[in-house]
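In what follows, a structure is listed as structure tokens, so that the remarks can point back to it.
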Amino acid sequence: MRKRADWMTRTDDEILEYLDEQGAGTPKAIADAIDRNNQYIGVRCRTLASYGLVEKPSRGFYVITDDGRSYLEGELDASKLTESEQ
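Be aware that the sequence shown starts at 1, since it is given in my numbering, and climbs by one per residue.
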């Protein structure tokens, strides 16, 4: 069972699942795949990055981190993460 933080949304889980399956993605590609607004996905990706669940290795692309995978597997309690400055 996943341990979601109060700041997380269901869409965050969908973003993490997409990145886990696809390896990387732009907010537009993720938005198209999960049928959400592109701008909203960009905001959520930046939020996930600020908590270390995804990272942005190059302009416009996001990838899931080891912590992101641990969260998906129910091994990491996202409520214990702290937000970092980007």
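Cβ atoms here follow ideal geometry from the backbone N, Cα and C, with glycine treated the same way.
Check whether the segment 39 to 59 touches the segment 3 to 19, counting contact only when three or more Cβ pairs, one atom from each stretch, lie closer than 8 Å.
With a cut-off of 8 Å, the segment 3 to 19 and the segment 39 to 59 count as touching, because enough Cβ pairs lie within range.
Could you check which residue in 75, 51, 60 and 64 has the C-alpha nearest to that of residue 82?
Residue 51 is the option with its Cα nearest to residue 82.
Just the C-alpha distance for residue 58 and residue 28, rounded to the nearest angstrom, thanks.
Taking the straight line from one Cα to the other gives about 15 Å.
Considering only residues of the same chain and omitting the five flanking positions on each side of residue 18, which have a CB-CB separation below 7 Å?
Result list for residue 18: 25, 30, 33 and 34, in chain order.
Would you check if the distance between the CB atom of residue 60 and the CB atom of residue 1 is smaller than 9 Å?
No; because the gap between Cβ atoms is not below 9 Å, this pair is not in contact.
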